[in-house]
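K.L.:
Heads up, the sequence shown is in the working numbering, so the first residue is 5 and it goes up one at a time. Starting off with a structure, shown below.
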Amino acid sequence: MRSPSIPERQSFPALRTAFWYAIGVLVGSCAPAAPSAAAVGVLTLLLGVRRFCRESPAFCCINATLVPPLLLTALGAYAINTDKNRAHPFDDSLLTRPVTLIGQIADPPSSRETRTRFLFRSATCRSGAGVVPCEATVIVTVASGGRRLHADQLHYGMTLALRGHLSAPTPQRNPGEFDSRRYHEAAGIDGFLFVRGTDDINILQRAGGGWMMRTVVAPARAAIVRTIDATVGGQEGEFLKGLLLGERSGIAPRTRQEFVDAGVAHVLAVSGSNVAVVAALLIFLYDLLRLPRRGRSVVVAVGLLLYMALTGTQPPVVRATIMALVFLLAGGLQRPGSSYNALGVSALIILLYDARQLFDIGFQLSFAAVAAIVHFYPRASAWIAAIRFGKIPGRMATPLLRICAVSLVATLGTLPLTAIGFGQFSVIGVLANILVVPATGLSVILGIASCLAGTISPWASHAIGGANVVVLYFTLNVTHVAAAVPFASLPTHGVPILGWIPYMLGVALLFHWREPAVVRRLFAPFLISLQLLLWLPPRDALTVREGLLRVHVIDVGQGDAVLVEFPGGETMLVDAGPRTPAYDAGERTIVPYLKRLGIHQVDVLVLTHPHGDHIGGASSLVRQITVRRIVECGRPFFSMLTAAYRAAAAERGAEVSQVTQGTLLFDPKQVRVYVLGPGQQSIEPDSSRSIVNLNNTSIVIRLLYGGVSILLPGDAEAEDEGELLARYETFLRSTMLKAAHHGSATSSTEPFLEAVAPDAVAVSVGAHNAFRHPSPGVMDRLAARGCTVARTDIDGAIIMESDGRRLWQVQWR
């Protein structure tokens, strides 16, 4: 059977317009605004003089062919520069001291345990004695000090004066991690405000905001949340809130990661699939009531706009709603080839409103998935129709294969973006989507039905909600099982961006193999790009070249985690970061980091001392990564954290041992790993001491590779530094120093720095930490010595490489 033919590209003016405008946005993101503005003027002039050059057909032809694309490109470049200039409303000085923002709550607040979050649009900012205009959109988190704020205390439209600490969206903290700055800038979020308690909230005006939002949308959203809590509850209820309203704050971090690993993370965002379900449900209800077909499009459009408002007009929902409305209008007009033009119109509307959306991974995935389905699915469907089944088996197999085909083409279309954006792609995603996508669609329908039934019969609402619990439980467990499959996801770091060109050309050839004209056009570029990929050396910050020692000071916030990759392939991890009720560095940061590196075994895990910011992530790490040996400082100490990692070690068969100074800890190829501390007097219980400073029991490690040495002193303080000086003197001299105790004033004394004499210093410290690390005095001492200083709170992960002769920092951002 012949594949469906492709309409001529001239029938897609909206798609071509959006394409050239997007190219301009890409170009403009790397170029200043002035040339873009000048280009717009020149090209507009050329377009205008075309009417005066009728006697020159060649000029008119060139003008008509080249000027419109170039004009669109210049407009896109100018737009992105304009949008970028309004993206940073806060002066840096406002991020270093408490401020008071005055403005209005922009969406219904959501409360969870002792914290409340809401979107806030500020008008002015007061810092010190001055009040300055500050038009910005921030996400406010209120720590209510053990008391939960309810909707009657804070609600949409209130005008407030909020006192707290501002912070800007952070860039990538570690290679391959989520880029918070790019995501929030694309979503129009300028920053975050942390308010320590309800005493720092002053209500200036209770009523405000739009009438529709205040009287319809906000009460409806609150009612939906109450219904979900009453009829579903638990983790299933939090998942349903994410499906229906885009409220994902209650979904456990581990569950979110499982959705990513299983290749079904898209269902956590209220986007195309869920909006399509709502549209289908509205059409079904409209037809069920036998209402006139002429008004159906209007009713569905109004319903989708209301649904968009209920979800807080989040960017993924706005994108999906615009796309749905354009497709709805195109379908009503019955225009041929309308799907491609609808896609172009949708993209153009969004980019004209805010060109920064092009760099949002959600925008990219949405349009790539729809484009792949629109273009490739008709061909896949034709192949399925050509398969000869028996009459009865065909009725069962054909629909299933069509569902698989939709999942397959969407996965193929978005795979490069997923690989680049998340540093991995899911091998099992196609199979998982076959089960998860229909199940989540059914959950959305049941959730809406339960909420509607609640207005008439609470019993019916609970009955429908009970049925939904089963479906939600099934979905969560399918995702859990899929994510746990060995090699369910594979890392894609090391594949250059241009390396995906042969992949895309290969997919196009696969689906057009019966069209000789298309094959002739694509086959030569496919072979050329494939040859270039084979000869192109990998350029990736995470790829270790042979013969190099690499040290990663991983950004785990206020804590320590240092990964060492030895030239022979052995690995050592020094500390495992913090663990709090909201954050487990082992599960959230270190394990994903190791997996992105392709590391599934750690030869030695050194836990320098038993403070929570150093051992907190150890239990999660040991349970998810093979750890051959765990080394402790030997100081007798018991806590819930030490019990957790020791229990995990016993389950997984990891050896646990203690070391003291003078030990050769590890002897990998070409590198010597020495233990310089703690001394025996530091780790033995002393009944004369009522309080023991555990920082001074830290394991101090010195790595020696050729002429390069690296000193890792844990949290050793001045007392321990003095003992190290007395014992080792010149042996302490090192090319690189990991600053002790996060740059605290209690460490890095002048005599110690004089002995170590480092060229480079890495400070592992959390942004805006309560301890105000690093100490200005320590930073001044390092600056006076001419040291090159890198900080995880500013630079993210610090990656150093050495060939045994010199040491350099890898620039990965």
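For each residue, glycine too, the CB sits at the ideal point set by N, CA and C.
Find out if the Cβ-Cβ distance for the pair residue 631, residue 430 is shorter than 9 angstroms.
P.N.:
It is not a contact, given that the beta carbons lie outside the stated cut-off.
K.L.:
Looking at the unbroken beta strand (DSSP E) that takes in residue 812, where does it start and where does it end?
P.N.:
Note, residue 812: beta strand (DSSP E), 811-814.
K.L.:
Residue 447: which of 457, 469, 428 and 465 sits nearest, CA to CA?
P.N.:
Residue 447 has its Cα closest to that of 469, out of 457, 469, 428 and 465.
K.L.:
Per DSSP, what kind of secondary structure is residue 80 in: helix, strand or coil?
P.N.:
It is helical.
K.L.:
How would you write the range of the beta strand (DSSP E) that residue 472 sits in, first residue to last?
P.N.:
No beta strand (DSSP E) holds residue 472; the alpha helix (DSSP H) holding it covers 462-488.
K.L.:
Would you call the CB atoms of residue 778 and residue 795 closer than 9 angstroms?
P.N.:
Their beta carbons are under 9 angstroms apart, which means residue 778 touches residue 795 by this criterion.
K.L.:
Using only the alpha-carbon positions, how far apart do residue 808 and residue 555 sit?
P.N.:
Taking the straight line joining both Cα atoms gives about 13 angstroms.
K.L.:
Around the C-beta of residue 455, are 16 or more other C-beta atoms found within 10 angstroms, so that it is buried, or is it exposed?
P.N.:
Residue 455 is buried by the Cβ-count criterion.
K.L.:
Could you work out which residue in 139, 111 and 105 is closest to residue 131 when comparing CA atoms only?
P.N.:
The residue with the shortest Cα to Cα distance from residue 131 is 105.
K.L.:
Taking the C-alpha atoms as reference points, what is the distance between residue 467 and residue 279?
P.N.:
Their backbone Cα atoms lie some 24 angstroms apart in a straight line.
K.L.:
Look at the alpha carbon of residue 208 and the alpha carbon of residue 111, and state the distance between them as a whole number of angstroms.
P.N.:
Going from the Cα of residue 208 to the Cα of residue 111 covers about 17 angstroms.
K.L.:
Give the secondary structure of residue 432 by DSSP, where H, G and I count as helix, E and B as strand, and everything else as coil.
P.N.:
Here residue 432 sits in coil by DSSP.
K.L.:
Given that a residue counts as buried once 16 or more other Cβ atoms are within 10 Å of its Cβ, and exposed if not, what is residue 6?
P.N.:
At residue 6, the pLDDT of 48 sits below 50, so the modelled position is not reliable and the matter cannot be decided from this model.
K.L.:
Taking only runs that begin and end inside the region 400-430, name each unbroken beta strand (DSSP E) of 3 or more residues, in chain order.
P.N.:
As far as the region 400-430 is concerned, its whole beta strand (DSSP E) runs of at least 3 residues are 428-430.
K.L.:
With a cut-off of 8 angstroms, do at least 3 Cβ pairs link the region 450-465 to the region 294-303?
P.N.:
Contact between the region 450-465 and the region 294-303 is absent, because fewer than three Cβ pairs lie under 8 angstroms.
K.L.:
Between residue 406 and the ligand ADP, is there a pair consisting of the residue's CB and a ligand heavy atom that are separated by less than 8 angstroms?
P.N.:
Only the bare structure without any ligand can be found here, which leaves the ligand ADP out of the picture.
K.L.:
Excluding sequence positions up to five away, which residues of its chain have a Cβ less than 7 angstroms from the Cβ of residue 315?
P.N.:
Result list for residue 315: 249, 250, 274 and 321, in chain order.
K.L.:
Decide if residue 640 is buried, meaning its Cβ has at least 16 other Cβ atoms within 10 Å, or exposed.
P.N.:
The residue in question, residue 640, is exposed, as its Cβ has fewer than 16 Cβ neighbours within 10 Å.
K.L.:
Using the DSSP secondary-structure output, state which residues sit across from residue 681 in a beta bridge.
P.N.:
Partner(s): 704.
K.L.:
Give me the Cα-Cα distance between residue 817 and residue 741, rounded to the nearest whole angstrom.
P.N.:
When rounded, the distance between both Cα atoms is 22 angstroms.
K.L.:
What is the rounded straight-line gap between the Cα of residue 406 and the Cα of residue 167?
P.N.:
Roughly 55 angstroms separates the two Cα atoms.
K.L.:
Tell me, please, whether the CB atom of residue 410 is closer than 9 angstroms to any CB atom in chain C?
P.N.:
Here chain C cannot be found, since the structure has a single protein chain.
K.L.:
Can you name the residues that DSSP bridges to residue 805?
P.N.:
DSSP output for residue 805 lists 554 and 812 as bridge partner(s).
K.L.:
Leaving out the 5 sequence neighbours to the left and right, which residues in its chain are closer than 6 angstroms to residue 646 when beta-carbon positions are compared?
P.N.:
Result list for residue 646: 614, in chain order.
K.L.:
With DSSP run on the structure shown, which of helix, strand or coil describes residue 150?
P.N.:
Note on residue 150: pLDDT 48, under 50, position unreliable in the model; no value is reported.
K.L.:
Near residue 440, which residues of its chain fall below 7 angstroms by C-beta distance, leaving aside the five closest residues on each side in sequence?
P.N.:
Excluding positions up to five away in sequence, the list reads 268, 271, 479, 482 and 483.
K.L.:
Determine the extent of the beta strand (DSSP E) in which residue 124 is found, giving its start and end residues.
P.N.:
Taken as a continuous stretch (DSSP letters only), the beta strand (DSSP E) holding residue 124 covers 119-131.
K.L.:
Output needed for residue 108: all residues of its chain with C-beta closer than 6 angstroms, excluding positions within five of it in sequence on either side, in chain order.
P.N.:
Result list for residue 108: 125, 163 and 212, in chain order.
K.L.:
Please tell me whether residue 634 and residue 649 are closer than 9 angstroms, where the distance is taken between their beta carbons.
P.N.:
Taking 9 angstroms as the Cβ cut-off, residue 634 and residue 649 qualify as a contacting pair.
K.L.:
Once DSSP output is grouped into helix, strand and coil, what is the label at residue 579?
P.N.:
Reduced to three states, the DSSP call for residue 579 is coil.
K.L.:
With a 10 Å radius around its C-beta and 16 neighbouring C-beta atoms as the bar for buried, classify residue 642 as buried or exposed.
P.N.:
So residue 642 counts as exposed.
K.L.:
Using the Cβ count rule (16 or more neighbours within 10 Å means buried), how would you classify residue 604?
P.N.:
The residue in question, residue 604, is exposed, as its Cβ has fewer than 16 Cβ neighbours within 10 Å.
K.L.:
Within 10 Å of its beta-carbon, does residue 733 have 16 or more other beta-carbons around it, so buried, or fewer, so exposed?
P.N.:
Per the 10 Å Cβ criterion, exposed.
K.L.:
Candidates 74, 80 and 347: which alpha carbon is nearest residue 32's?
P.N.:
That would be 80, whose Cα lies nearest to the Cα of residue 32.
K.L.:
Tell me whether the region 165-184 and the region 590-601 touch, counting them as touching only if at least three CB pairs, one residue from each stretch, are closer than 8 angstroms.
P.N.:
Yes, the region 165-184 is in contact with the region 590-601.
K.L.:
If we ignore side chains and look at the alpha-carbon of each, how far apart do residue 529 and residue 292 end up?
P.N.:
Computed Cα separation, rounded: 52 angstroms.
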